[in-house]
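Under the working numbering, the first residue of the sequence shown is numbered 425, with each subsequent residue one higher.
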Amino acid sequence: MSDPLLWIDDESHRWAARGLRRQLRSRGPTTARRFQLEGREVVNFGSNDYLGLAADARVVAAAHCGAETYGWGAGASPLVSGWTEAHEALCRDLAEFEQTEAVALFPTGFAANLGTIAALVNKDDGVYSDRLNHACLIDGIRLSRAALRIYPHRDADRLASLLERDPGRFRRSLIVTDGVFSMDGDLAPLDQLADLAERHSAMLLVDEAHGTGVFGPDGRGAASALGVAERVSIRVGTLSKALGSLGGFVAGSRRLIEWLVNHARPLIYSTGLPAAAACAAREALAIACSEPWRRELLFSHGHGLRTALSAADYETGSSSGPIVPVLLNTPEQALQLAEQLLRRGFFVPAIRPPTVPEGTSRLRITVTAAHSEEDVAGLVDALVAARD
Ligand SMILES: *Cc1c(COP(=O)(O)O)cnc(C)c1O
C-alpha cells in the first residue's frame, strides 16, 4: 500500500524549485544581540525583540518568580482554572498603559486577531482589509465567513470608494489593518481610516503587533503615534515582540472585552498563558515605560541604517522605526544576500513569497535597542561588501 502522503514529495519538490523551501535552524546560547548558529557567533538582525528585553535579566527573573509561585503550565483554559492573579495584574497594567477600560489576554497575538475578528463579524457582515495585512488577520476574516473587500496597501481613497459602494449591504462593517506593516515597516494611514470608520459607522481593528512598546511618544503604538489611539475601538497587541514574552491581547471598552471573553474561541478553548509569561510581560512593560531610551535608540539605529543603505543604493521602501526592508526581487537574490551576510557574522532573514507578494522578496532587517552603533555600521559594511 502506498503512503497516502506521497503527494507531498511532488508538491514539495515544486515548492523547493521555486526557491521557497523553509527550514528550521536552531540557534544556540543567546544574548540580547548575539547568538550561535551552526557553530558561528552572529549578530542578530532578525528578531522582533525591539527593546532588547527577551533576554533581559529582570524579565527572566520575573518569569522565574512567576513559575515558582504559580507553577509552569496554566493547567486549563482561563475560564476554567487557567487564570491567576498574575494574569489579572497584567491585564490591569496593560489597560492602564493603553488607557482603555479593559484588556483580554490570548495565547498569542495570532490567536488574538483570529479570535477577535471571528467573534465580531459573521456571514452577514463585511470586512475591509489592507492588501498587505498579516496572515492572522486574513485567516480571521476567512474564518468569520464575512464578505471580504481588499483595498490596495495604505490606500484610504480606495477604501473610501469601497465603503461608499456598500451602504446597507452589511449588518456590520469592520476595517482591519496592521498599524505597522510587518514586512514593510510602514504605518497605516490610521487618521484617515478612523475618519472613514466614523463616517460609515464601521468598527476599526488595528493590529499593533509591531507598534506596541515601539511607536508613539509613550510607546502605545502606531495609533498613538498618529494621535488617534482613542478613536480605534479595537486595539490588538502582542506580548511577544517588543515586550519580549509570549501572548496576545486586545485593549478596548469593557463591553468589547466582556464580549470577547464570552465569544472569542481561542481564548475560551485554549489553555491559558503560563503565569510566568504574564509576570515576564508585566516586568517588560514596566521597563519599556521607565526606560524610554530604548525606543529612542532603536529609532536612531533605524534612521542611521536607512540613510546609509540609500547612500549605497539599496531600496528600503517607506519604512520607519525598527523594521528596515532591503527590497530585492527573486527569492534567490534574497537567499544569496542573507547567506553572504551570515558569512560575515550577521543574521538577517530572507523573506519570500507567500509571506510577501511575488517579485518583492527581500531582506528584513530589524534593529533593536540591544544593538550598538558598531553593530549597525558593521552590517552596513557587510551589505556594501556583498554588493561589490
Ligand atoms: C507577529 C505578528 C502577529 C502575531 O503575534 P504573535 O504574538 O507572534 O502570535 C500578529 N500580527 C502581526 C502584524 C505580526 O507581525
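Ideal Cβ placement from N, Cα and C applies to all residues, glycine included.
Query                                                                                                        : Result
Proximity of G696 and A646 at Cβ, strictly below 8 Å                                                         : no
Endpoints, beta strand (DSSP E) assigned at F723                                                             : Here F723 belongs to no beta strand (DSSP E); instead the alpha helix (DSSP H) covers W717 to A735.
Where L614 falls, given that 16 or more other Cβ within 10 Å makes a residue buried                          : buried
Cβ-Cβ distance between L561 and L598 below 8 Å                                                               : no
From V685, F534 and P777, residue whose alpha carbon lies closest to that of W439                            : P777
Strand pairing of P749, partner residues [DSSP]                                                              : R788
Per DSSP, the bridge partner or partners of T662                                                             : G672
Contact test: A702 Cβ vs ligand 1 heavy atom, cutoff 7 Å                                                     : no
Per DSSP, the bridge partner or partners of T601                                                             : V630
Closer than 7 Å: F639 CB and nearest ligand 1 heavy atom                                                     : no
Per-residue burial, T731 [other beta carbons within 10 Å of its own, 16 or more giving buried]               : exposed
For Y575: DSSP bridge partner residues                                                                       : D554
Cβ-based burial, L572 [other Cβ within 10 Å; buried from 16]                                                 : exposed
heavy atom of ligand 1 below 7 Å from F821 C-beta                                                            : Since the first and last residues shown for the chain are 425 and 812, residue 821 lies out of range.
Sequence-distant residues of its chain with Cβ nearer than 6 Å to R555 (five each side left out)             : I574, P576 and H577
Closest by C-alpha distance to V791, when choosing among L729, T779 and Q764                                 : L729
Closer than 7 Å: T540 CB and nearest ligand 1 heavy atom                                                     : no
S796 and Q757 closer than 8 Å at C-beta                                                                      : no
E707 classed as buried or exposed, judged by whether at least 16 other C-beta atoms fall within 10 angstroms : buried
Closest by C-alpha distance to T532, when choosing among T754, V652 and L663                                 : L663
Those residues which DSSP pairs with Q460 across a bridge                                                    : E465
Any non-hydrogen atom of ligand 1 closer than 7 Å to D581 Cβ                                                 : no
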